[in-house]
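Numbering (our numbering), first residue to last: 290 to 579. Report on the following structure.
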């Protein structure tokens, strides 16, 4: 879901940035005189976006007369009157306490201009500029969505590669699962020999059968194959699938952990580690899917 888009209207520029997020989180940075547009802008964004943290910034174009701030004379007059009163009080204070220098008592022009409300943007939100800004935002949104689609296509190929590798690991693990009974028997024989116990072969066979039943992994392998097919099916759909894919890969991780806990042969352990790594790689990238 990472993307960047830019769109320009008369005197103003939209910049949109998108990063990963489980839900849709919209953040607008607008000039004070354009903040009334935010509800409409949010409504536009929610029509085309479902997930991601979106930062939308509206700023003035360089050397644009429409975007050049003007001085709010009324606010400036009020500020200067208050500043004059403050300076008088400061001078009265310094007669008895020489802690403030002459420089501290000066009124800095830049400080005045930085005061909220002194400078105002030349945006008349009741004019056609209102419509132009909203239309430009829609253009930027369209570009952002296209950028996310390009990233989505790359992720689709990555997922396909990982899923094919997981299928291959499962095929190998299914073959190794047949060795599970013999491996369990050998471990049990070694344990009995170490203890010096004399147990009837029939009793050993019963115990091996019970342990093998508990360690059977065919259900986990079958469920993982079903989940892989469902994941691939979701990748072919046009509507947003991010949350569904997140749920599927969460189930895949659970089955992989169970599989790793059950399979005992050393060669199988290596394969289950590879399997868990592949599933984890998919889980990380699913966060980028809308």
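Where is the CB? At the ideal position from N, CA and C, for every residue including glycine. Computed from a prediction, not measured in an experiment: that's the story for all the values here.
Outcome for residue i when other beta-carbon atoms lying within 10 angstroms are tallied against a minimum of 16
i: residue 311; result: exposed
i: residue 377; result: exposed
i: residue 536; result: exposed
i: residue 515; result: exposed
i: residue 298; result: buried
i: residue 548; result: buried
i: residue 369; result: exposed
i: residue 425; result: buried
i: residue 446; result: exposed
i: residue 508; result: exposed
i: residue 407; result: For residue 407, the pLDDT reaches just 46, beneath the cut-off of 50, and the residue's location in the model is therefore unreliable, although a value from the coordinates is still provided. Label assigned to residue 407: buried.
i: residue 456; result: exposed
i: residue 439; result: exposed
i: residue 526; result: exposed
i: residue 550; result: exposed
i: residue 561; result: buried
i: residue 363; result: exposed
i: residue 293; result: exposed
i: residue 506; result: buried
Residue i beta carbon near the ligand NAD (any heavy atom closer than 7 angstroms)
i: residue 542; result: For the ligand NAD, the structure offers nothing, since it holds no ligand at all.
Residue i, DSSP secondary structure in three states
i: residue 402; result: Low confidence applies here, because residue 402 scores a pLDDT of 49, under 50, leaving its location unreliable and the question unanswered by this model.
i: residue 567; result: helix
i: residue 505; result: coil
i: residue 455; result: helix
i: residue 605; result: With the chain represented from 290 up to 579, any question about residue 605 goes unanswered, as that position is not in the structure.
i: residue 461; result: helix
i: residue 577; result: coil
i: residue 552; result: coil
i: residue 407; result: Low confidence applies to residue 407: its pLDDT is 46, below 50, so where it sits in the model is not reliable enough to give any reading.
i: residue 521; result: helix
For residue i, the residue or residues it bridges with in DSSP
i: residue 298; result: 301
i: residue 306; result: 293, 344
i: residue 349; result: 301
Start-to-end residues for the beta strand (DSSP E) that takes in residue i
i: residue 596; result: Only positions 290 to 579 of the chain appear in the structure, and residue 596 is not among them; the question remains open.
Proximity of residue i and residue j at Cβ, strictly below 8 angstroms
i: residue 458; j: residue 564; result: yes
i: residue 434; j: residue 337; result: yes
i: residue 316; j: residue 291; result: no
i: residue 444; j: residue 578; result: yes
i: residue 463; j: residue 517; result: no
i: residue 302; j: residue 334; result: no
i: residue 347; j: residue 320; result: yes
i: residue 451; j: residue 570; result: yes
i: residue 305; j: residue 332; result: no
i: residue 542; j: residue 465; result: no
i: residue 544; j: residue 513; result: yes
i: residue 531; j: residue 340; result: yes
Where the alpha helix (DSSP H) through residue i begins and ends
i: residue 529; result: No alpha helix (DSSP H) holds residue 529; DSSP gives it neither H nor E.
i: residue 328; result: 327 to 337
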